[in-house]
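Residue numbers (this note's numbering): 3 to 177. Glycine is no exception: its CB is placed at the ideal position from the N, C-alpha and C atoms. What follows is a set of notes on a single structure, which appears directly below.
Here it is as C-alpha coordinates:
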(Lines of atoms letter the chains of each structure in order from A; the text may use other names.)
(Lines give C-alpha, C1' and ligand atoms only; values in the text may rest on other atoms or scores of the structure.)
Protein backbone atom coordinates (compact mmCIF):
# COMPACT_ATOMS: atom_id res chain seq x y z
CA UNK A 3 0.00 0.00 0.00
CA UNK A 4 2.80 2.43 0.85
CA UNK A 5 4.63 1.74 -2.39
CA UNK A 6 1.65 2.14 -4.74
CA UNK A 7 -0.89 4.18 -2.78
CA UNK A 8 0.15 7.64 -3.99
CA UNK A 9 0.44 6.53 -7.61
CA UNK A 10 -3.00 4.89 -7.50
CA UNK A 11 -4.55 7.92 -5.80
CA UNK A 12 -3.03 10.26 -8.39
CA UNK A 13 -4.34 8.05 -11.20
CA UNK A 14 -7.84 7.82 -9.70
CA UNK A 15 -7.95 11.57 -9.00
CA UNK A 16 -7.00 12.36 -12.57
CA UNK A 17 -9.63 9.98 -13.90
CA UNK A 18 -12.50 10.84 -11.55
CA UNK A 19 -11.84 14.56 -11.04
CA UNK A 20 -12.91 14.20 -7.42
CA UNK A 21 -10.37 13.59 -4.66
CA UNK A 22 -12.79 11.96 -2.20
CA UNK A 23 -14.18 9.59 -4.84
CA UNK A 24 -10.61 8.78 -5.87
CA UNK A 25 -9.70 7.90 -2.28
CA UNK A 26 -12.70 5.57 -2.11
CA UNK A 27 -11.72 3.94 -5.42
CA UNK A 28 -8.19 3.35 -4.13
CA UNK A 29 -9.51 1.87 -0.87
CA UNK A 30 -11.77 -0.43 -2.87
CA UNK A 31 -8.79 -1.35 -5.02
CA UNK A 32 -6.71 -2.43 -2.04
CA UNK A 33 -9.61 -4.42 -0.56
CA UNK A 34 -10.16 -6.21 -3.87
CA UNK A 35 -6.42 -6.82 -4.30
CA UNK A 36 -6.21 -8.31 -0.82
CA UNK A 37 -9.17 -10.58 -1.49
CA UNK A 38 -7.90 -11.72 -4.89
CA UNK A 39 -4.12 -11.71 -4.44
CA UNK A 40 -4.04 -15.44 -5.20
CA UNK A 41 -5.10 -14.62 -8.77
CA UNK A 42 -1.90 -12.66 -9.37
CA UNK A 43 0.29 -15.20 -11.16
CA UNK A 44 3.31 -12.94 -11.74
CA UNK A 45 4.22 -10.83 -8.68
CA UNK A 46 6.43 -8.55 -10.79
CA UNK A 47 3.24 -7.32 -12.50
CA UNK A 48 1.66 -6.16 -9.23
CA UNK A 49 1.79 -2.47 -10.24
CA UNK A 50 -0.06 -3.03 -13.53
CA UNK A 51 -2.54 -5.36 -11.81
CA UNK A 52 -3.34 -2.71 -9.19
CA UNK A 53 -3.72 0.00 -11.83
CA UNK A 54 -6.07 -2.19 -13.81
CA UNK A 55 -8.18 -2.67 -10.68
CA UNK A 56 -8.24 1.08 -9.87
CA UNK A 57 -9.10 1.98 -13.48
CA UNK A 58 -11.96 -0.55 -13.40
CA UNK A 59 -13.14 0.90 -10.08
CA UNK A 60 -13.08 4.36 -11.62
CA UNK A 61 -15.01 3.11 -14.65
CA UNK A 62 -17.65 1.61 -12.35
CA UNK A 63 -17.98 4.90 -10.45
CA UNK A 64 -18.22 6.79 -13.73
CA UNK A 65 -21.12 4.60 -14.86
CA UNK A 66 -23.15 4.76 -11.69
CA UNK A 67 -26.23 6.99 -11.63
CA UNK A 68 -25.36 8.73 -8.39
CA UNK A 69 -21.93 9.58 -9.79
CA UNK A 70 -23.39 11.36 -12.82
CA UNK A 71 -25.26 13.80 -10.59
CA UNK A 72 -22.05 15.04 -8.96
CA UNK A 73 -20.35 18.04 -10.54
CA UNK A 74 -16.69 17.23 -9.89
CA UNK A 75 -14.04 19.84 -9.36
CA UNK A 76 -10.77 20.12 -11.20
CA UNK A 77 -7.58 18.56 -9.90
CA UNK A 78 -6.95 19.79 -6.32
CA UNK A 79 -4.12 22.30 -5.76
CA UNK A 80 -2.11 19.77 -3.72
CA UNK A 81 -1.69 17.62 -6.84
CA UNK A 82 -0.30 20.42 -8.97
CA UNK A 83 3.40 21.16 -9.06
CA UNK A 84 4.39 24.79 -9.71
CA UNK A 85 7.49 25.58 -11.74
CA UNK A 86 9.65 27.47 -9.25
CA UNK A 87 12.11 28.59 -11.97
CA UNK A 88 9.62 31.08 -13.41
CA UNK A 89 8.45 34.31 -11.82
CA UNK A 90 5.13 34.81 -10.02
CA UNK A 91 3.39 36.20 -13.12
CA UNK A 92 4.49 33.28 -15.27
CA UNK A 93 3.49 30.82 -12.52
CA UNK A 94 0.05 32.41 -12.39
CA UNK A 95 -0.35 32.11 -16.16
CA UNK A 96 0.86 28.50 -16.07
CA UNK A 97 -1.56 27.61 -13.25
CA UNK A 98 -4.41 29.19 -15.16
CA UNK A 99 -3.52 27.36 -18.39
CA UNK A 100 -2.99 24.11 -16.51
CA UNK A 101 -6.43 24.40 -14.86
CA UNK A 102 -7.97 25.12 -18.24
CA UNK A 103 -6.18 22.18 -19.87
CA UNK A 104 -7.27 19.88 -17.03
CA UNK A 105 -10.82 21.20 -17.32
CA UNK A 106 -10.89 20.44 -21.03
CA UNK A 107 -9.40 16.97 -20.45
CA UNK A 108 -12.19 16.33 -17.97
CA UNK A 109 -14.74 17.17 -20.66
CA UNK A 110 -13.49 14.25 -22.76
CA UNK A 111 -15.27 10.91 -22.66
CA UNK A 112 -13.82 8.62 -20.01
CA UNK A 113 -12.21 6.24 -22.56
CA UNK A 114 -10.14 9.10 -23.98
CA UNK A 115 -9.45 10.75 -20.64
CA UNK A 116 -8.09 7.56 -19.08
CA UNK A 117 -5.50 6.93 -21.82
CA UNK A 118 -4.45 10.59 -21.92
CA UNK A 119 -4.02 10.65 -18.14
CA UNK A 120 -2.04 7.43 -18.06
CA UNK A 121 0.14 8.38 -21.05
CA UNK A 122 0.86 12.05 -20.32
CA UNK A 123 0.41 12.40 -16.57
CA UNK A 124 1.66 8.99 -15.41
CA UNK A 125 4.25 8.59 -18.20
CA UNK A 126 3.09 5.10 -19.08
CA UNK A 127 4.00 3.42 -22.33
CA UNK A 128 1.38 2.28 -24.85
CA UNK A 129 2.16 -1.30 -23.86
CA UNK A 130 1.68 -0.61 -20.12
CA UNK A 131 -1.64 1.10 -20.78
CA UNK A 132 -2.72 -1.76 -23.01
CA UNK A 133 -2.01 -4.32 -20.28
CA UNK A 134 -3.61 -2.24 -17.54
CA UNK A 135 -6.81 -1.61 -19.51
CA UNK A 136 -7.01 -5.06 -21.06
CA UNK A 137 -7.16 -3.84 -24.64
CA UNK A 138 -4.84 -3.97 -27.65
CA UNK A 139 -2.01 -1.51 -28.21
CA UNK A 140 -3.75 -0.35 -31.39
CA UNK A 141 -6.87 0.45 -29.37
CA UNK A 142 -4.77 2.54 -26.98
CA UNK A 143 -3.12 4.36 -29.90
CA UNK A 144 -6.50 4.99 -31.49
CA UNK A 145 -7.98 6.33 -28.25
CA UNK A 146 -4.94 8.57 -27.74
CA UNK A 147 -5.22 9.96 -31.27
CA UNK A 148 -8.97 10.56 -30.98
CA UNK A 149 -8.58 12.00 -27.48
CA UNK A 150 -5.85 14.39 -28.63
CA UNK A 151 -7.97 15.45 -31.60
CA UNK A 152 -11.01 16.10 -29.43
CA UNK A 153 -8.86 17.92 -26.86
CA UNK A 154 -7.35 20.09 -29.60
CA UNK A 155 -10.86 21.01 -30.77
CA UNK A 156 -11.93 21.87 -27.22
CA UNK A 157 -8.84 24.02 -26.66
CA UNK A 158 -9.33 25.86 -29.96
CA UNK A 159 -12.97 26.58 -29.03
CA UNK A 160 -11.74 28.26 -25.86
CA UNK A 161 -8.97 30.28 -27.49
CA UNK A 162 -5.83 28.30 -26.64
CA UNK A 163 -3.51 28.32 -29.68
CA UNK A 164 -3.41 25.26 -31.93
CA UNK A 165 -1.39 22.49 -30.35
CA UNK A 166 0.04 24.68 -27.59
CA UNK A 167 0.53 22.88 -24.31
CA UNK A 168 -0.58 24.70 -21.21
CA UNK A 169 2.21 26.33 -19.28
CA UNK A 170 4.88 25.93 -21.97
CA UNK A 171 4.23 28.86 -24.24
CA UNK A 172 5.62 26.73 -27.04
CA UNK A 173 3.94 24.96 -29.89
CA UNK A 174 4.47 21.35 -28.85
CA UNK A 175 1.82 18.95 -29.99
CA UNK A 176 0.78 16.07 -27.77
CA UNK A 177 2.17 13.08 -29.63
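**Request:** Using the Cα positions of residue 94 and residue 123, report the straight-line distance between them to the nearest angstrom.
**Result:** 20 Å
**Asked** Cβ atoms of residue 136 and residue 110: under 7 Å apart, would you say?
**Response** no
**Cβ-based burial, residue 47 [other Cβ within 10 Å; buried from 16]** = exposed
**Prompt:** What's the C-alpha gap between residue 156 and residue 113?
**Reply:** Distance between the alpha carbons of residue 156 and residue 113 is about 16 Å.
**Prompt:** For residue 105, which of helix, strand or coil comes out of DSSP?
**Reply:** helix
**Prompt:** So what does DSSP say about residue 138, is it helix, strand or coil?
**Reply:** Assignment of residue 138 by DSSP, reduced to helix, strand and coil, places it in the coil class.
**Message:** Please state the DSSP three-state secondary structure of residue 124.
**Reply:** coil
**Request:** Report the rounded CA-to-CA distance for residue 23 versus residue 4, giving the unit in angstroms.
**Result:** 19 Å
**Prompt:** To the nearest angstrom, how far is it from the Cα of residue 132 to the Cα of residue 90?
**Reply:** Cα to Cα, the separation comes out at about 40 Å.
**Asked** Out of curiosity, what's the CA-to-CA distance linking residue 138 and residue 151?
**Response** Spanning the two alpha carbons is a distance of roughly 20 Å.
**Prompt:** Around the Cβ of residue 36, are there at least 16 other Cβ atoms within 10 angstroms (buried) or fewer (exposed)?
**Reply:** Flag for residue 36 reads exposed.
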